[in-house]
Amino acid sequence: MTSPTSEPLYPFSEIEPKWQAYWESQKIFQVDLGDVRPKYYCLVMFPYPSAALHVGHGRNYILGDAVARYKLMRGFNVLSPMGFDAFGLPAENAALKTNIHPKVSTLANIERMKHQLSQWGIGYDWSREVVSCLADYYKWTQWIFLKLYEKGLAYKKQGTVNWCSSCQTVLANEQVVDGRCERCDTAVTTRELDQWYFKITAYGERLLEDMKLLEHWPERVKTMQENWIGKSTGVEIEFPVEGENYKLACYTTRVDTIFGVTYLVLAPEHPKVAELCAEIHDSATRAAIEAFVRKVRAEDRIERTAEGTAKEGVFTGRYATHPMNGEKIPIWIANYVLPEYGTGCVMAVPTHDERDFLFAKKYRLPMRMVIDSPKGHLEESRMKEAFEEEGVMINSGAFSGLSSREAWTKIAEFMERNKIGKRTVNFRLRDWLISRQRYWGAPIPIVYCKTCGAVPVPEKELPVVLPENVQFKPTGISPLKDNPEFENTKCPQCGLPAKREVDTMDTFVDSSWYYLRYISPRDNVRAFDTLAVNQWLPVDQYIGGVEHAILHLLYSRFINKVLFDQKYVGFPEPFARLFTQGMIIKDGAKMSKSKGNVVSPDALIKKFGADTVRLYTLFIGPPEKDAEWSERGVEGAYRFLGRLWRFVTQAHDWKITGAGTVNTRELKRMTHEIIKKVTEDLEGDFHFNTAVSSIMELVNACYQFEIKTDEDKKIILEAAQSVVLLSAPFVPHIAEELWSRLGRTGSIFRESWPQYSKEAVRKEEIEIVIQILGKVRSRLTVPAAISESELRARVLDDAKVKECTDGKPIKKLIVVPGKLVNIVV
RNA sequence: GCGGAAGUGGCGGAACUGGCAGACGCACUAGAUUCAGGGUCUAGCGGUCGCAAGGCCGUGGGGGUUCGACUCCCCCCUUCCGCACCA
Numbered sequence: 008m009t010s011p012t013s014e015p016l017y018p019f020s021e022i023e024p025k026w027q028a029y030w031e032s033q034k035i036f037q038v039d040l041g042d043v044r045p046k047y048y049c050l051v052m053f054p055y056p057s058a059a060l061h062v063g064h065g066r067n068y069i070l071g072d073a074v075a076r077y078k079l080m081r082g083f084n085v086l087s088p089m090g091f092d093a094f095g096l097p098a099e100n101a102a103l104k105t106n107i108h109p110k111v112s113t114l115a116n117i118e119r120m121k122h123q124l125s126q127w128g129i130g131y132d133w134s135r136e137v138v139s140c141l142a143d144y145y146k147w148t149q150w151i152f153l154k155l156y157e158k159g160l161a162y163k164k165q166g167t168v169n170w171c172s173s174c175q176t177v178l179a180n181e182q183v184v185d186g187r188c189e190r191c192d193t194a195v196t197t198r199e200l201d202q203w204y205f206k207i208t209a210y211g212e213r214l215l216e217d218m219k220l221l222e223h224w225p226e227r228v229k230t231m232q233e234n235w236i237g238k239s240t241g242v243e244i245e246f247p248v249e250g251e252n253y254k255l256a257c258y259t260t261r262v263d264t265i266f267g268v269t270y271l272v273l274a275p276e277h278p279k280v281a282e283l284c285a286e287i288h289d290s291a292t293r294a295a296i297e298a299f300v301r302k303v304r305a306e307d308r309i310e311r312t313a314e315g316t317a318k319e320g321v322f323t324g325r326y327a328t329h330p331m332n333g334e335k336i337p338i339w340i341a342n343y344v345l346p347e348y349g350t351g352c353v354m355a356v357p358t359h360d361e362r363d364f365l366f367a368k369k370y371r372l373p374m375r376m377v378i379d380s381p382k383g384h385l386e387e388s389r390m391k392e393a394f395e396e397e398g399v400m401i402n403s404g405a406f407s408g409l410s411s412r413e414a415w416t417k418i419a420e421f422m423e424r425n426k427i428g429k430r431t432v433n434f435r436l437r438d439w440l441i442s443r444q445r446y447w448g449a450p451i452p453i454v455y456c457k458t459c460g461a462v463p464v465p466e467k468e469l470p471v472v473l474p475e476n477v478q479f480k481p482t483g484i485s486p487l488k489d490n491p492e493f494e495n496t497k498c499p500q501c502g503l504p505a506k507r508e509v510d511t512m513d514t515f516v517d518s519s520w521y522y523l524r525y526i527s528p529r530d531n532v533r534a535f536d537t538l539a540v541n542q543w544l545p546v547d548q549y550i551g552g553v554e555h556a557i558l559h560l561l562y563s564r565f566i567n568k569v570l571f572d573q574k575y576v577g578f579p580e581p582f583a584r585l586f587t588q589g590m591i592i593k594d595g596a597k598m599s600k601s602k603g604n605v606v607s608p609d610a611l612i613k614k615f616g617a618d619t620v621r622l623y624t625l626f627i628g629p630p631e632k633d634a635e636w637s638e639r640g641v642e643g644a645y646r647f648l649g650r651l652w653r654f655v656t657q658a659h660d661w662k663i664t665g666a667g668t669v670n671t672r673e674l675k676r677m678t679h680e681i682i683k684k685v686t687e688d689l690e691g692d693f694h695f696n697t698a699v700s701s702i703m704e705l706v707n708a709c710y711q712f713e714i715k716t717d718e719d720k721k722i723i724l725e726a727a728q729s730v731v732l733l734s735a736p737f738v739p740h741i742a743e744e745l746w747s748r749l750g751r752t753g754s755i756f757r758e759s760w761p762q763y764s765k766e767a768v769r770k771e772e773i774e775i776v777i778q779i780l781g782k783v784r785s786r787l788t789v790p791a792a793i794s795e796s797e798l799r800a801r802v803l804d805d806a807k808v809k810e811c812t813d814g815k816p817i818k819k820l821i822v823v824p825g826k827l828v829n830i831v832v
């Protein structure tokens with residue numbers, strides 16, 4: 008353990024504040040949007056302003072900063088902005104305990120975070136800071152709402168919604184994780200409420216389709232979005248109801264099993280349930296059905312939709328007609344059919360659907376096999392589970408004998424010709440519920456007028472300012488309801504007294520467009536400047552946590568597409584490249600205050616300096632993977648920086664006196680080799696961990712060098728300069744300091760990234776591995792330019808080869824140029 | 001169940017397009033330093049047999065392709081993540 012009283016390995020505590028102040032005074036990160044250099048928009052997901060950052064949060068900012076600094080040195084005009092996703096529940100909940108207004112605590116947290124970020128040496132263009140809870144920002148969030156409203160993409164409807172009893176507000180589907188509130192982990196219940204939605208379902212197809220454009224997004228994120236959107240292709244089939252003049256529509260993806268339908272099932276919420284039951288004259292049966300419907304509707308949504316939940320149902324006493332064979336099909340109501348997916352009515356095929364199988368077994372409903380397994384015929388009476396695979400059609404009229412796959416299309420076509428059904432597409436994606444019954448959010452810009460109805464607040468009257476003097480105790484009704492000054496207004500259309508919408512918007516609306524605002528953050532006539540935005544976006548590199556794979560990233564893509572359709576932006580996707588970094592784990596768990604495993608950066612920075620924390624964070628492992636934080640590892644990084652410091656200062660004074668095991672030519676070659684390696688690591692998927700290890704190798708090699716000639720001085724200086732330049736994006740403070748100690752003036756971030764010379768990288772002599780039957784038996788050092796025939800001769804002449812082959816005939820000699828020779832005997 | 005990612009020393013992890021497995025770091029061992037500690041430097045560090053030279057085994061398991069497999073193919077096991085009664 009490094010003792011706190013020991014001398015520092017290098018004067019980090021002096022140089023770090025010095026260079027941080029220098030960067031600020033030199034405006035290194037302030038961007039002139041009109042600069043001639045090619046643009047590079049490097050964006051780190053803006054954080055919620057929490058009280059204190061830990062090293063896990065740090066990884067995010069350090070990665071982004073390393074990318075930004077690297078691109079700066081590559082000659083790009085780099086935009087690296089930062090802001091705060093400042094509305095939201097935590098501040099409001101804290102306020103209930105501390106009595107400090109959310110605005111006050113949020114702004115204080117922002118200041119503290121900014122201080123921490125600057126201590127880390129993270130460079131941003133702070134002149135572009137956006138704070139989503141300030142009126143000059145949320146004014147435009149409200150404007151976005153109006154843009155959706157104009158196109159019918161924001162609407163209000165009564166429906167079953169997720170309710171968190173602890174947060175006292177509704178939640179979007181995306182915010183319910185395993186049946187629990189994403190924020191507070193309380194089990195989510197349901198309520199019937201009249202709420203505002205964004206019609207994201209209208210964009211389901213395009214959100215899916217345009218994933219083709221997201222070449223540089225992680226596969227897992229794309230897969231998660233794909234699953235969430237949940238597109239399925241099937242057929243909607245109409246079943247005439249006996250004794251009625253209407254039909255029940257069923258959605259199925261397995262139209263090939265149509266001849267196996269032995270009953271229909273309605274969701275208890277299906278609109279036709281009441282109508283069907285009204286015709287039932289037996290009052291006891293009717294009462295039983297009504298009781299069942301009431302019971303299921305009252306059930307907890309989450310429990311009801313869990314897979315293991317027992318299937319229950321009642322027979323309605325009514326029948327439908329099978330559209331293909333005219334059979335009489337009983338109509339049931341059951342808990343396992345969901346009202347919101349498909350048509351809320353399912354054609355049941357017990358033989359080929361496991362859920363229908365279980366239900367049919369329980370209620371002794373008939374089954375009919377219509378697809379034979381390729382492995383042999385199955386008897387309905389002996390089946391233990393449904394056969395859900397493909398096979399050969401049987402008992403299916405004219406379609407018998409076809410493969411089920413073939414029959415699928417033929418039956419669908421037949422149905423379309425005969426107007427029985429039509430092919431349709433279904434999505435699992437639901438509309439985005441954006442109303443929240445809490446205080447700390449952007450008010451929804453709608454006014455309710457007795458004569459005009461719901462009227463959008465005109466753009467000119469934005470922002471609808473969130474009043475500050477509000478009792479925001481959560482009651483399940485928006486606290487703004489208790490503020491007559493806010494609620495009472497005049498109808499923008501007729502001027503008569505009217506009431507404002509009192510709900511606020513989901514904070515994910517705030518964060519779904521902030522990346523546009525950074526381009527013209529102080530513009531008070533429009534949300535963003537289309538021309539400038541089209542120049543600067545899509546974002547070249549977006550960096551953030553994978554926890555936003557669905558929520559924020561799907562919402563942003565959606566909002567961007569809405570703006571694209573209205574020609575406010577000229578690009579269909581907002582983020583060209585996405586990088587999702589892994590979590591930092593401590594003692595096997597994610598860092599959190601409640602677990603008490605939080606590693607605070609403040610003490611570490613004090614003890615080892617920010618560069619050490621940065622270096623270790625980058626070196627800890629592949630940035631996209633989770634990694635376990637280790638204090639020992641931090642010390643290793645610190646020791647390396649000490650070694651780097653000593654090396655560069657000694658190299659400058661020509662004091663390198665290593666054992667001389669690395670010669671002049673070799674050191675030059677290594678220098679260029681490592682410039683190449685580090686550059687490739689950064690150009691690829693941010694392999695910072697291997698980039699750092701390469702730099703370590705070069706420093707190690709330099710310590711093996713001995714300066715004897717003037718040429719040696721030149722070479723060691725080149726190595727030293729290269730090491731400093733290459734490490735600058737990772738450890739900017741020490742790099743600046745060493746750069747200046749090497750006699751250079753000005754910021755190292757105004758320097759160009761080093762270029763390697765192909766000439767210097769080339770080896771004159773190479774070591775060839777000699778394998779016999781794939782096993783390494785010998786090595787041979789030969790000139791790099793050696794001809795193959797010459798190499799063969801040298802190999803066969805090798806003493807070790809002669810010994811191992813021992814007169815055995817050589818069957819084959821495989822030569823991999825520049826690498827190895829394998830001898831087959 | 002479906003989908004995704006992964007499995008390499010005591011640990012974190014390297015390994016280009018099939019070509020020397022274990023780079024770099026941590027931990028550890030021994031030694032050096034007028035050496036309390038820390039720091040620094042030198043050497044060692046997958047397993048196993050051997051005094052050594054060297055041999056054999058080794059990238060979750062089992063098969064296969066190949067002159068050659070951590071890498072490609074087939075089967076299986078395990079872990080993590082996402083979705084999940086979506087018809």
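Here my numbering runs 7 ahead of the position in the first sequence, where the first position is 1.
For every residue, glycine included, the Cβ atom is placed at its ideal position computed from N, Cα and C.
Assuming contact is defined by CB atoms lying nearer than 8 Å, are residue i and residue j in contact in what I supplied?
i           : j           : result
residue 385 : residue 374 : no
residue 674 : residue 742 : no
residue 76  : residue 761 : no
residue 336 : residue 275 : no
residue 260 : residue 244 : no
Sorted by chain position, which residues of the same chain lie with C-beta nearer than 8 Å to residue i's C-beta, five sequence neighbours on each side aside?
i           : result
residue 11  : Reliability of the predicted coordinates at residue 11 is poor, the pLDDT of 44 falling under 50, and no value is obtained from them.
residue 8   : The predicted position of residue 8 is uncertain, since its pLDDT is 39 and thus under 50; a value taken from the coordinates is nonetheless stated next. Once the five neighbours on either side are set aside, the close Cβ partners of residue 8 are 642.
residue 211 : 236, 238, 434, 436
residue 560 : 228, 232, 582, 585
residue 695 : 70, 73, 625, 626, 630, 688, 689, 737
residue 563 : 518, 519, 520, 522, 581, 582
Got a sec? Which residues, its chain only, sit under 6 Å from residue i by beta carbon, not counting five neighbours each side?
i           : result
residue 459 : 498, 500, 501
Kindly indicate the opening and closing residues of the beta strand (DSSP E) around residue i.
i           : result
residue 501 : Where residue 501 is concerned, there is no enclosing beta strand (DSSP E), given that its DSSP letter is neither H nor E.
residue 202 : 196 to 205
residue 548 : 548 to 552
residue 857 : Because the chain here runs from 8 to 832, residue 857 falls outside it and cannot be looked at.
residue 788 : 782 to 790
residue 247 : 239 to 247
residue 271 : 270 to 273
residue 830 : 827 to 831
Are there any heavy atoms of the ligand ADP lying less than 7 Å away from the beta-carbon of residue i, as far as the coordinates show?
i           : result
residue 227 : Inclusion of the ligand ADP in the displayed structure is not the case, the ligand content being empty and no account of it being possible.
What are the boundary residues of the alpha helix (DSSP H) that residue i is part of?
i           : result
residue 732 : 717 to 734
residue 121 : 109 to 126
Sorted by chain position, which residues of the same chain lie with C-beta nearer than 7 Å to residue i's C-beta, five sequence neighbours on each side aside?
i           : result
residue 835 : This structure does not reach residue 835, given that the chain is present from 8 up to 832, and the question cannot be answered.
residue 683 : 763, 768
residue 680 : 768
residue 415 : 262, 263
residue 634 : 589, 591, 592, 627, 628
Which whole-angstrom value is the C-beta distance of residue i and residue j, which I expect to be below 8 Å?
i           : j           : result
residue 283 : residue 355 : Actually they do not touch by this definition, with Cβ atoms about 16 Å apart.
residue 699 : residue 625 : 6 Å
residue 576 : residue 540 : 6 Å
residue 139 : residue 518 : 7 Å
residue 197 : residue 167 : 5 Å
residue 771 : residue 732 : In fact, because the Cβ distance is near 26 Å, the residues do not count as touching under 8 Å.
residue 461 : residue 151 : Rounded, the Cβ-Cβ distance is 18 Å, inconsistent with contact.
At 3 residues or longer, and completely inside the segment 561 to 626: list those beta strand (DSSP E) runs for me, N to C. 585 to 588, 591 to 593
Whole alpha helix (DSSP H) elements within the segment 276 to 359, 4-residue minimum: 280 to 285, 290 to 305, 308 to 311
Which runs of the alpha helix (DSSP H) at least 4 residues long sit entirely within the segment 799 to 823? Give them in chain order. 806 to 812
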